[in-house]
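Visitor:
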Amino acid sequence: MPHAERDSAFLNIPYDPDYEDHFLAYIAGVAAYGLDPRATLELTSGERRLDRICKLISACRYSFHDLSFVELDRTPPPTPRFNMPFELGLVIGWQNAASSGHDWFVFESSRHRIQKSLSDLNGTDAFIYGSTVDGILREIRNALSRHGVQPTAAQMMNILDELIENSAPSIVRATGASSVFEARPFSEIAVAARRYAEVWVPGLSRNS
Amino acid sequence: MRKPVIVDTPYPTVWQTAKKMGVSRKRTLELIKMVDESIARREEKLKGERAAARRKRLKTA
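In order, the protein sequence lines correspond to chains Y and E. Using this note's numbering, the first residue of the first sequence is number 40, and each one after it goes up by one. Using this note's numbering, the first residue of the second sequence is number 8, and each one after it goes up by one.
1. Tell me which residues of the segment 30 to 43 of chain E have at least one Cβ-Cβ distance to chain Y shorter than 9 Å, keeping chain order.
2. Determine the contact status of asparagine 181 (chain Y) and proline 17 (chain E), defining contact as a CB-CB distance below 8 Å.
3. Say whether chain Y places a C-beta atom closer than 8 Å to the C-beta of lysine 27 (chain E).
4. When we look at the beta-carbon of lysine 54 (chain E) and count the other beta-carbons within 10 Å, is it buried (16 or more) or exposed?
5. Closer than 7 Å by beta-carbon distance: list the chain C residues that pair up with arginine 57 (chain E), in chain order.
6. Are the C-beta of histidine 151 (chain Y) and some C-beta of chain E separated by less than 8 Å?
7. Which residues of chain E have a Cβ atom closer than 7 Å to the Cβ of asparagine 205 (chain Y), listed in chain order?
8. Show which residues of chain E have a CB atom less than 9 Å away from the CB atom of glycine 73 (chain Y).
9. Whole angstroms is fine: what's the gap from serine 184 (chain Y)'s alpha carbon to isoleucine 13 (chain E)'s?
10. Is there a Cβ of chain Y sitting closer than 8 Å to that of arginine 64 (chain E), yes or no?
11. Give the residues of chain E in contact with glutamate 59 (chain Y), contact being defined as C-beta atoms less than 7 Å apart.
12. Counting Cβ pairs closer than 8 Å, one from the segment 214 to 234 of chain Y and one from the segment 90 to 109 of chain Y, do we hit at least three?
13. Just to confirm before moving on: does the CB-CB distance between valine 145 (chain Y) and phenylalanine 166 (chain Y) stay below 8 Å?
14. In the DSSP assignment, find the beta strand (DSSP E) that holds histidine 104 (chain Y) and state where it starts and stops.
15. Secondary structure at aspartate 55 (chain Y), three-state DSSP: helix, strand or coil?
16. Can you give me, in chain order, the residues of the segment 173 to 202 of chain Y that have a beta carbon less than 7 Å from any beta carbon in chain E?
17. Cα separation between tyrosine 168 (chain Y) and arginine 223 (chain Y)?
18. Which of the three DSSP states is assigned to leucine 183 (chain Y) in this structure?
19. What's the C-alpha gap between histidine 141 (chain Y) and arginine 61 (chain E)?
20. Can you grab the Cα-Cα spacing for the pair lysine 26 (chain E) / arginine 32 (chain E), in whole Å?
21. So the candidates are Y:Val240, Y:Ala98, Y:Ser156 and Y:Asp159; which of them puts its Cα closest to the Cα of serine 139 (chain Y)?
22. If you measure between the beta carbons of methionine 41 (chain E) and serine 206 (chain Y), is that distance less than 8 Å?
23. Could you tell me how far apart the beta carbons of alanine 64 (chain Y) and glutamine 194 (chain Y) are, in whole angstroms, since I believe they sit closer than 8 Å?
24. Give the DSSP-derived three-state secondary structure of methionine 40 (chain Y) in the structure shown.
25. Any C-beta of chain E within less than 7 Å: which residues of the segment 222 to 241 of chain Y qualify?
And the structure:
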């Protein structure tokens, strides 16, 4: 297992066109806290996918698991999406077995959903964001804290606005991708988010 | 309510993030330029809005 990068956060979220702004909200949110987003989108080829997912998870100090899209998909045959809860299980198993010091956060759109869909997590505080991008940013602020520099709601929202309105569409066009849910646009959006955070979160520097 | 987890790692620079994400030096420079231009446009727009609001206040005073 690789050594966890302390400034990396694994995003376990649905890759769904209806979820693009939510995805960008997680990227903006973690970038404002000085973390780089990582996702299975980066995994392109080589060894078995499951091994690569485990490697990526264990390379991250934090992980965010959004279970709000655990539902039946629209294309037949109707099948529930198991990837997100499965990857959450991998993280919890790895954390318990390896005493890895990994911190994980469960995000849900509404409280009653998680009690019904994953009752094994009863007693675990989930971050309920109410299906909005503002809610995601708010719950990231509830989940994380920093000594000294504390990103504000307005700073995080500025980063997100810029990603949604300018950077993400430009990057998707420039890379010839069909959406943000591809390896190259994802990597470039992470770099753009880091730059916005560098400029907009005062005091943010290598040694802060 | 769970207590927030303290992130105590130093912020990565844009170059460190680019290296980690496998983005080339040339493309990173392009992305930095794109972001900086968009920030400048946004700040210009905000400046214009503030000036318009000031003019409006002076007119009504």
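Idealized CB from N, CA, C, for every residue including glycine.
Guide: Short version:
1. Val30, Arg34, Thr35, Glu37, Leu38, Ile39, Met41, Val42 and Asp43
2. no
3. yes
4. exposed
5. The structure shown has no chain C; the protein chains it does contain are Y and E.
6. no
7. Ser45
8. Val14, Thr16, Pro17, Tyr18 and Pro19
9. 5 Å
10. no
11. Within 7 Å Cβ-Cβ: nothing; glutamate 59 (chain Y) doesn't reach chain E, min ~18 Å.
12. no
13. yes
14. 99 to 105
15. coil
16. Asn181, Ala182, Leu183, Ser184, Arg185, His186 and Glu201
17. 28 Å
18. strand
19. 50 Å
20. 8 Å
21. Y:Ala98
22. yes
23. Not confirmed; about 14 Å, so no contact.
24. Because the pLDDT of methionine 40 (chain Y) is 46, which lies under 50, any placement of that residue in the model is unreliable, and the question is left without a value.
25. Ser226, Glu227, Ala229, Val230, Ala231, Arg233, Arg234, Tyr235, Glu237 and Val238
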